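Residue numbers for the sequence shown follow the UniProt record's numbering, so the first one is 1 and each next one is one higher.
Quick reminder that beta carbons are idealized off the backbone N, C-alpha and C, glycines included.
Remember, predicted model here, so these are calculated numbers, not experimental data.
Right, one structure below, let's go through it.
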Amino acid sequence: MAQVSMPKYLTGDPAAINDFIDKFDVFLFDCDGVLWSGDHLYEGVVETLEMLRSKGKKTIFVTNNSTKSRPEYLKKLTGLGIPGHVDEIFGSAYSSAIYISRILKQPAPKNKVFVIGEAGIENELREEGIPFIGGTDPNLRREMTPEDWQGIADGSMLDPDIGCVLAGLDFHINYLKLSIAYQYLRRGAVFLATNVDSTFPINHNFFPGAGSIIIPLINMTGQQPLSFGKPSQAMMDAIEGKFQLDRERTCMVGDRLNTDIKFGVEGKLGGTLAVLTGVSKKEDWEKEDPEAVPSFYVDALSDLRAGAHA
Ligand SMILES: [Mg+2]
1 MAQVSMPKYL
11 TGDPAAINDF
21 IDKFDVFLFD
31 CDGVLWSGDH
41 LYEGVVETLE
51 MLRSKGKKTI
61 FVTNNSTKSR
71 PEYLKKLTGL
81 GIPGHVDEIF
91 GSAYSSAIYI
101 SRILKQPAPK
111 NKVFVIGEAG
121 IENELREEGI
131 PFIGGTDPNL
141 RREMTPEDWQ
151 GIADGSMLDP
161 DIGCVLAGLD
171 FHINYLKLSI
181 AYQYLRRGAV
191 FLATNVDSTF
201 PINHNFFPGA
211 GSIIIPLINM
221 TGQQPLSFGK
231 PSQAMMDAIE
241 GKFQLDRERT
251 CMVGDRLNTD
261 IKFGVEGKLG
271 GTLAVLTGVS
281 KKEDWEKEDP
291 EAVPSFYVDA
301 LSDLRAGAHA
């Protein structure tokens with residue numbers, strides 16, 4: 001078995017905390033399970049972020065949640081008392097929109113996107129000038145009619161300009177949307193996913209995540225989508241491109257080994273910090289064949305404050 005060094009525990013160790021903070025210029029933060037749980041902000045988070053910013057550190061909030069666009073996500077941050085700027089937010093919907101407009105660059109008119117998902121995706125596509133249908137269209141939030149079966153089967157209900165299906169968390173997923181998306185994929189549309197998280201944490205519990213909404217399409221087509229949320233390195237490349245960061249001086253902070261910590265490790269960042277206020281626990285990296293092992297860990301993010309005046 002490969003020798004993996006165990007993470008350094010920082011809670012209650014001011015000298016180690018100071019060394020840790022000095023190693024980095026940029027901190028990428030996962031949000032849920034790190035800063036808050038649902039609508040409950042963890043104690044000391046605002047002060048911890050202030051402390052890091054006062055030391056000249058850049059703070060970037062990286063979220064797989066595609067249901068909110070960046071301005072909407074900023075509202076969530078400020079509503080919870082965390083001062084921030086829209087440019088500090090990087091979400092999977094934004095990451096997907098950037099990919100479609102700047103990398104995929106399908107030639108018009110076959111550059112239209114069929115969306116499975118909520119307004120967050122639509123807003124980011126609109127911002128990048130990408131034409132789309134589906135998404136929150138109320139006409140797709142209904143039962144199948146005999147006309148639908150026929151129109152989907154013979155293609156008369158399908159838009160010939162769809163070049164890509166972008167799927168994310170959709171609170172109104174149904175048979176009609178899946179049937180339409182499936183036909184576009186069969187006709188050669190590029191299959192993209194904002195993220196493939198199995199679950200969505202909210203109200204101190206878990207609900208089906210984007211990955212669980214997308215599974216039927218994977219099952220039907222036998223294809224895997226290109227995904228933009230953590231741990232996808234497509235997202236890391238996009239973040240690096242946007243912020244021009246030095247990976248060696250960047251630390252990923254998160255609560256989930258298989259998304260956040262893996263994202264930082266595979267992105268070859270200078271370090272990763274696991275916080276134990278969310279999904280993953282110490283046992284998860286101590287077991288055999290862990291999904292990822294962080295380089296540092298704390299019980300809670302606010303434990304970093306202990307280093308501030310040491
Ligand atoms: Mg999290």
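Among the options, nearest to residue i - alpha-carbon criterion
| i | options | result |
| --- | --- | --- |
| G44 | P71, L74, L80 and D25 | L80 |
| R186 | L158, D170, F207 and H172 | L158 |
| S227 | I213, S212 and F191 | F191 |
| G33 | V298, R305, A306 and A93 | V298 |
| K242 | A189, G135, G91 and G56 | G91 |
| residue 311 | F27, K287 and P231 | There is simply no residue 311 to check, as the chain begins at 1 and stops at 310 in what is shown. |
| V165 | I130, W285 and A153 | I130 |
| D161 | P146, E147, S101 and F114 | F114 |
| K57 | F20, W36 and L35 | F20 |
| P7 | D303, T136, L273 and Y94 | L273 |
| residue 317 | D154, S96, S302 and D30 | No information on residue 317 is available, as it lies outside the stretch 1 to 310 that the chain covers here. |
| S212 | S302, E240, E147 and V196 | V196 |
| A231 | T48, T67, F200 and R256 | The question names Ala, but residue 231 in the sequence shown is Pro. Comparing Cα-Cα distances from P231 to each of T48, T67, F200 and R256, the minimum goes to R256. |
| P71 | G120, N139, G222 and W285 | G120 |
| Q233 | H85, T194 and G168 | T194 |
| I100 | R142, A189, R305 and G84 | A189 |
| I116 | T199, T136 and E124 | T136 |
| P138 | I173, G267 and E124 | I173 |
Cβ-based burial, residue i [other Cβ within 10 Å; buried from 16]
| i | result |
| --- | --- |
| Y42 | buried |
| E283 | exposed |
| N132 | The residue asked about is misnamed: residue 132 is Phe in this sequence, not Asn. When all chains shown are included, F132 counts as buried. |
| I214 | buried |
| M1 | Below a pLDDT of 50, predicted positions are generally treated as unreliable, and M1, at 46, falls in that range; no measurement from the model is reported. |
| D170 | buried |
| D39 | exposed |
| A108 | exposed |
| Q150 | exposed |
| A292 | buried |
| F65 | Here the sequence assigns Asn to residue 65, which means Phe is not the residue at that position. When all chains shown are included, N65 counts as buried. |
| V62 | buried |
| I144 | Here residue 144 is Met; the residue named in the question, Ile, does not match the sequence. Classification for M144: exposed. |
| K281 | exposed |
| A153 | exposed |
| Y73 | buried |
| A93 | buried |
| A15 | exposed |
| A310 | Note that A310 scores a pLDDT of 45, beneath 50, so its modelled location is shaky; the value from the coordinates is reported in the next line. That one is exposed. |
| D303 | buried |
| G155 | exposed |
| Q244 | exposed |
| I103 | exposed |
| G254 | buried |
| I261 | buried |
Which residues DSSP lists as bridging residue i, in chain order
| i | result |
| --- | --- |
| W36 | D32 and L41 |
| F27 | T59 and C251 |
| G8 | Note that residue 8 is Lys in the sequence shown, not Gly. K8 pairs with F296. |
| L273 | V253 and F296 |
| F132 | V113 |
| I152 | In DSSP, I152 forms no bridge with anything. |
| I162 | K112 |
heavy atom of ligand 2 below 8 Å from residue i C-beta
| i | result |
| --- | --- |
| T67 | Summarising the ligand content, the structure contains ligand 1 and does not contain ligand 2. |
Would you mind listing the alpha helix (DSSP H) stretches within the segment 73 to 105 that are 4+ residues and don't spill past its ends, in chain order?
With a minimum length of 4 residues, the unbroken runs of alpha helix (DSSP H) contained wholly in the segment 73 to 105 fall at 92 to 99.
Taking 7 Å as the limit, tell me which residues put their C-beta closer than that to any heavy atom of ligand 1, in chain order.
Near ligand 1, meaning a Cβ closer than 7 Å to any of its heavy atoms, lie the following residues in chain order: D30, C31, D32, G33, V34, P201, G254, D255, R256, D260, G278 and V279.
At 3 residues or longer, and completely inside the segment 165 to 236: list those beta strand (DSSP E) runs for me, N to C.
Counting only runs of 3 or more, we get 190 to 193, 199 to 202 and 205 to 208.
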